[in-house]
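Peer 1:
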Amino acid sequence: FEEDVASAADRALPLDMNGDGLEDFFWYRPGGGAAHGYLSLPRGFAAALITPAGTPQTSFVLPANPGLPATTLYDGEMPIVASDGENFLVAYKARATNGTVRIATQLFNASGAQIGGSSVADFPASNMALAWMGDRYRLAVRNGAQIAVRDFGADATPIGTDYRVVATNASTASAPVFYRELPLGLAYAPTTGQWLLAYANGNGTITAAKFETVTGVSSSSVDLGVGSPTQVLAAYNSPTRSWLVGWYDSANTLQLKPLSLSLNELTAPRNAFAVGSYPSSALDCPAPSAVPVGEVRFEELPGATTFVDSASGVNATCSGNSCPLAGVAGATYPNGNAVGDPASDYAVRFDGVNDFLTINRALRDDFSVAFWVKAPAFTQQDTIIFDQGANQAGGYTIWLSNGRPGILLNTNESIVSATRIDDNRWHSVVATRDRKSGALALYVDGNSIGTRSAGTSSLTARNDIRIGSDRTNARRFTGELDNLLLYTTVLSADTVKALYDRTNQTYCVAAAPNANGSAVQWAKLKVYQPDYRGGAVTASGSLRSIVDSDIPTSTVTSVQNNQYVKVQ
C-alpha cells in the first residue's frame, strides 16, 4: 500500500491479518525509496485423535507445548505424523528468528498429551516424509537434488548427530525455484526390513528406490511414470506384502500403483479420484499386526505333502502315510456357504491313526490362532489339534476334551468350553493370548467362551507346531481342518466376530480434499494375490487322478450268489 503523509485520505485501510498467513510485505514512499517489513504472525496447525469407531477423541493445536529454543518462532508448516503403535511423533517445519528453516519434532501419547522432549535442527528442507521403521522413526527431508534421513528413537530422542544423505541424483531439472513442488514418500516393510523412498523429479517423473536394510544404501530403483510433482505417497501393504505408491498425474488425479517388494509392477496404476486445485492427500494400509503371519488355507489337491502360505513362507508339511487326506470338501457355514475370503474349496482330513502336520513357525508371545474344525460324534476324551509343547512349561496346546474345545497354557492354565462341537459340523475356533497381561481367551463360532489370566513368560518349549497329535504320536485327532490363521497379535472380540461373519475387511485407504476443497473424499484399494488352487475339478479325457498315500479301502455288502466285485 502507499503511505502518503500529505493526505490522510490516501492512506490504506488497516490490514486484516487474521488467518491470511501474511508474513512479509513491502511499501514505498512518494519521495522514493522502499522499505521491507517482516511480520511474525502466529501460524500453526491442529491435531485430532480419532477412535477406532471413527469419532474424534480429542483435538488440540500444535505446537501444544513447544519446548523449543527462544530463537525458534512457533509457527508450524508442513506437519507430518507417524506412530509406533503406542505413541505419535509429529514433525514440522519451524522458522528461526533469523529466517533459518528448522525442523521440529514432538512426541505425543494416545491421549494427545506431549511426552518426552522436543528437538529442533537447522536444515533447509523443502519437503519431508516420516515413518516408523520397526525400532525407530525415520524422517526423510529434501533439499534440492539431495534427500537425507535422520532417525529418532521410540522416545523421540535423535539417533546420531546429523542427517545422512541417501539420494543425490533426485533430478531438479525444470523444477520451480521453490522445491516444495518436489515431494517424497517413505514406507517400511517389517517382514523383510526393507524400506522404500519414493520421490518426484523436476521433469515430472516419479522414482521409487528400495533399500535392503534400515542402515543400508539403495539397492535398486524404478521410474514409475510422469506425474504432476505436487505430492508423492508411499505405504507398505501388509496383506499382500508389497509396496503401494501414489502420485498425481497432470490432471490432478491421484494414481495408485502396487509394486512387489522387488519393485516389479503388480498391476497398472489405478485412478483414485480427482482433487482439482487441492492436491494434498494421505495414504495408509493395514498395520502389519492386523495381518496373519501364517495363512494355510489347505487348498491343495489329494496327494499333497506340503500346504503353503506363499506370502509368508509358513508351511505345513508331512510325509508318507502320515499325511492327512487333502482335497476333501472345504468348511461351510450352517447355511452351506463356503467360509473364508477367498471362499474355501478344500480342507484336510485326519484319520486319527497316524496323520499329523508340522508347521515351521512357533508363537511365543502375543498370539491368536484361528481355524475351522469338523469332528465326528463322540470324539475320544483328549484329542490334540495344536501342540506347541502340550502339558509343558513354556508351551501351549489347543485340544478337544470329550468334544469340547479348550486351550491349555503351560501345565495347568486352561479354558475349556462347556459345549461339545463333535457333531460332524464345521465350527470356527479362535484362541488368543496376551503376554503382557497374561490374558487367555477362547471363542467358538464368533462367540466368547471364556477368559482367564495365565503366565506371562515367553513360550519357548517348542520351535514348531504339530497338528493332529502330541509329540509322542498319542491323542490323535480324527476330523477335518480348514482355513488356519496364525497371528502374532491379540485379536479383539469384535475382530473375532468379524472374521466369523466375513465382515472383516483389509484394504488401503487414500483421502484428499474434493475438487473445490469443501469436503474430504476417500477411496479404498484392495490389492490381493489370486490363489489359483482349489476350484471345482472337471472330468475330461485328460484328467489326471492322484491317489494319496493312504491305502484306499471299501466295504462291500449284500453281494448275492454268482455276483462279484472287480477291482482294476
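With the first letter of the sequence shown counted as 1, position 446 gets the number 527 in my numbering; the numbers rise by one all the way through.
Just so it is clear, CB atoms sit at the ideal spot from N, CA and C, and this is done for glycine as well.
Is it buried or exposed for V510, if we count other Cβ within 10 angstroms and need 16 for buried?
Peer 2: V510 counts as buried, since no fewer than 16 other beta carbons sit within 10 angstroms of its beta carbon.
Peer 1: Locate the alpha helix (DSSP H) running through A574, then write down its first and last residues.
Peer 2: 574-582
Peer 1: Does DSSP put G401 in a helix, a strand or coil?
Peer 2: Annotated three-state conformation of G401 is helix, per DSSP.
Peer 1: Starting from D426 and walking both ways along the beta strand (DSSP E), at which residues does that stretch end?
Peer 2: Run containing D426: none; DSSP gives neither H nor E here.
Peer 1: Which value, in whole angstroms, describes the spacing of the CA atoms of V295 and A289?
Peer 2: 16 Å
Peer 1: Per the DSSP calculation, S301 is bridged to which residue(s)?
Peer 2: K291
Peer 1: Between T464 and chain B, is the shortest Cβ-Cβ distance under 7 Å, so that the two count as touching?
Peer 2: The structure shown has no chain B; it contains just one protein chain.
Peer 1: With 16 other CB atoms within 10 Å as the buried threshold, where does W603 fall?
Peer 2: Looking at its Cβ environment, which holds fewer than 16 other Cβ atoms inside 10 Å, W603 is exposed.
Peer 1: CB-CB under 8 Å to S539, same chain, minus the five flanking residues each way: which ones, in chain order?
Peer 2: Counting only Cβ-Cβ distances below 8 Å, and skipping sequence neighbours, we find R445, D446, G475, R516.
Peer 1: Pull the bridge partners of M209 from the DSSP assignment, please.
Peer 2: V222
Peer 1: Suppose you measure from the CA of Q227 to the CA of S199; what does that come to, to the nearest Å?
Peer 2: If you draw a straight line from the Cα of Q227 to the Cα of S199, it comes to about 25 Å.
Peer 1: Under 7 Å, do D436 and S400 count as touching if we go by C-beta distance?
Peer 2: For D436 and S400, no; Cβs fall outside 7 Å.
Peer 1: At what residues does the beta strand (DSSP E) containing F467 begin and finish?
Peer 2: 463-469
Peer 1: How about the segment 454-470 and the segment 579-593: do they share at least three Cβ pairs that are nearer than 8 Å?
Peer 2: no
Peer 1: Can you find the residues in the same chain that come closer than 7 Å, C-beta to C-beta, to A443, ignoring five residues on each side of it along the sequence?
Peer 2: Contacts found: Q469, R543, N544, D545, I546.
Peer 1: Taking 7 Å as the threshold (C-beta atoms), are A412 and D563 in contact?
Peer 2: yes
Peer 1: How many angstroms separate the CA atom of V230 from the CA atom of L278?
Peer 2: 10 Å
Peer 1: In terms of alpha-carbon separation, which member of L489, A428, A363 lies closest to N595?
Peer 2: A363
Peer 1: Does N284 pass the burial test, meaning 16 or more other C-beta atoms within 10 Å, or should it be called exposed?
Peer 2: Under a 10 Å Cβ-count criterion, N284 is classified as exposed, with fewer than 16 other Cβ atoms of the shown protein chains found around its own Cβ.
Peer 1: Beta strand (DSSP E) containing F452: first to last residue?
Peer 2: 448-455
Peer 1: Counting pairs of Cβ atoms below 8 Å between the segment 423-440 and the segment 528-539, do you hit three or more?
Peer 2: no
Peer 1: If you drop the 5 nearest sequence neighbours on each side, which residues of the same chain put their C-beta closer than 6 Å to that of N99?
Peer 2: With a pLDDT of only 38 at N99, under 50, the local geometry of the prediction cannot be trusted, and the value read off the model is given with reservation. Closer than 6 Å at the Cβ level, and outside the excluded window around N99, lies no residue.
Peer 1: For R219 versus T272, is the C-beta distance shorter than 7 Å?
Peer 2: no
Peer 1: Straight-line CA distance for T584 to D575?
Peer 2: 10 Å
Peer 1: Please determine, among A355, S341, V356, the residue with the shortest C-alpha to C-alpha distance to A349.
Peer 2: S341
Peer 1: For P239, which residues does DSSP report across the bridge?
Peer 2: DSSP, once it has assigned bridges, lists F233 as partnering P239.
Peer 1: Looking only at its chain, what residues have a beta carbon closer than 6 Å to the beta carbon of V497, apart from the 5 residues adjacent to it on each side?
Peer 2: S482, R485, G487
Peer 1: For F259, is the classification buried or exposed, using 16 other Cβ atoms within 10 angstroms of its Cβ as the cut-off for buried?
Peer 2: Here F259 scores only 33 on pLDDT, less than 50, and its place in the model is too uncertain to base an answer on.
Peer 1: From G118 to A355, what does the alpha carbon distance come to, in whole angstroms?
Peer 2: Below a pLDDT of 50, predicted positions are generally treated as unreliable, and G118, at 41, falls in that range; no measurement from the model is reported.
Peer 1: Following the continuous beta strand (DSSP E) through S323, name the residue where it begins and the one where it ends.
Peer 2: 323-329
Peer 1: Could you spell out where the beta strand (DSSP E) holding D663 opens and where it closes?
Peer 2: Outside the shown range of the chain, which is 82 to 649, sits residue 663, and nothing can be said about it.
Peer 1: F204 by DSSP, collapsed to three states: which one?
Peer 2: F204: coil per DSSP, three-state reduction.
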